[in-house]
Amino acid sequence: MKTNQPLFLNEEQVRRHLRMVDLIPAMEKALTDFSAGKVTQPVRSVIKVDPPGGFLGLMPALTPDVLGLKAVTFYPSNAERGIPTHMATIFLLDPESGTPLAIMDGRLITEMRTAAVSAAATKILARRDAKVLAILGSGVQAHSHVEALRLIREFKEIRVWSPTHEHAQRFAEEINAKAMPAEDAVRGADVVVTVTSSQRAVLKGSWLKAGCHVNAIGACRPDWRELDDEAMANVVFVDSREGAMKESGDIILSDATICAEIGEALAGKVPARANETTIFKSLGMAVEDIAAAMLVYRAVTMEN
66 MKTNQPLFLN
76 EEQVRRHLRM
86 VDLIPAMEKA
96 LTDFSAGKVT
106 QPVRSVIKVD
116 PPGGFLGLMP
126 ALTPDVLGLK
136 AVTFYPSNAE
146 RGIPTHMATI
156 FLLDPESGTP
166 LAIMDGRLIT
176 EMRTAAVSAA
186 ATKILARRDA
196 KVLAILGSGV
206 QAHSHVEALR
216 LIREFKEIRV
226 WSPTHEHAQR
236 FAEEINAKAM
246 PAEDAVRGAD
256 VVVTVTSSQR
266 AVLKGSWLKA
276 GCHVNAIGAC
286 RPDWRELDDE
296 AMANVVFVDS
306 REGAMKESGD
316 IILSDATICA
326 EIGEALAGKV
336 PARANETTIF
346 KSLGMAVEDI
356 AAAMLVYRAV
366 TMEN
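Residue 66 is where the sequence shown starts when you use the working numbering, and the numbers rise one by one after that.
In structure tokens form, the structure reads like this:
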């Protein structure tokens, strides 16, 4: 039993020990374990901080490997200040004794694990011959999703849109993509990612190509939307039914029917339905953060 001081890891230390190629299979396991009932995880507890309109979320989980907690803040107004909208700290504990193992920066983990989860969903829900990727949004999640999804499919074309045209242009240049209006970006795309801070729908179902796959990442509050009702009328997968019914405006306000949790599809318990138009509504879960943090912790302790 370890009783020594916990590890303290900053973002740069996390970055050195976390690789997307390892993170994607770790997220597949975490999602499968969650949907199989192997994880104890209450729905995120959220406190609103108003003014300035921020949120504090507390996300505990007990997995087959470790006990942990993420404290995360979401301040949309930070974008205007030039600092991250999301910041987080993750605590890992020994489940046998409650002894702290590590305290690490969780901002990068949140960024990377969200994209890795989308990659896991895309692997089974998108057509194997998917060639065109559309991304609505241009922030850190947009960048991370490009990195993760390129590991899953070979895209010949990437299209981007952002509410701020200059941001879209800059992002497009960085990833060798094309900036264009949202409708033009989405029409004909095989995979679509929505990673905006919008509170109203930015993606219309009438734009979607039959058989395409959408990863819907934003709209993390029960009264926020990224997708309209027509888009949400397609085959909908979620990370957590319980979480989606409490937190997702896209699900709640459209009265969408949830087909299954993505972990059930990954485990083969339900068909992936990749020949149909699919939506993966991702809200993010503590089990994802804890599993990602364990990858970092193990890599660091193996070095020492």
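Where a beta carbon is used, it is the ideal one built from N, C-alpha and C, also for glycine. The model shown is predicted, which means the values in this text are computed figures rather than measured ones.
Task: Of the residues 140, 164, 254, 174, the one placed nearest residue 154, counting alpha carbons only - done: 174
Open item on the list: Restricting to runs no shorter than 3 residues, where is the beta strand (DSSP E) found entirely within the region 192-227?
Closed with: 197-201, 222-226
Open item on the list: Runs of 3 residues minimum, wholly inside the region 111-143: which ones carry the beta strand (DSSP E) assignment?
Closed with: 119-127, 132-139
TODO: Please work out which residues of its chain come closer than 6 Å, Cβ to Cβ, to residue 168, disregarding the five sequence neighbours upstream and downstream, and give them in chain order.
DONE: 71, 73, 156
- [ ] Pick out whichever of 339, 343, 275, 163 has its Cα sitting closest to the Cα of residue 69.
- [x] 163
Task: At least 3 beta-carbon pairs within less than 8 Å: the region 269-280 vs the region 300-312 - done: no
Open item on the list: Which residue wins for smallest C-alpha separation from residue 212, given the options 178, 235, 229?
Closed with: 178
Task: Pairwise C-alpha distance: residue 184 and residue 203 - done: 18 Å
TODO: Classify residue 280 as buried or exposed, calling it buried when 16 or more other Cβ atoms lie within 10 Å of its own Cβ.
DONE: buried
Open item on the list: In whole angstroms, give me the CA-to-CA distance for residue 217 and residue 324.
Closed with: 23 Å
Task: Contact between the region 281-291 and the region 247-264 (3+ Cβ pairs under 8 Å) - done: yes
Open item on the list: To the nearest angstrom, how far is the alpha carbon of residue 66 from that of residue 83?
Closed with: With a pLDDT of 39 at residue 66, under the threshold of 50, the modelled position of that residue is not reliable, and the figure given next carries that caveat. Between residue 66 and residue 83, the C-alpha separation is close to 25 Å.
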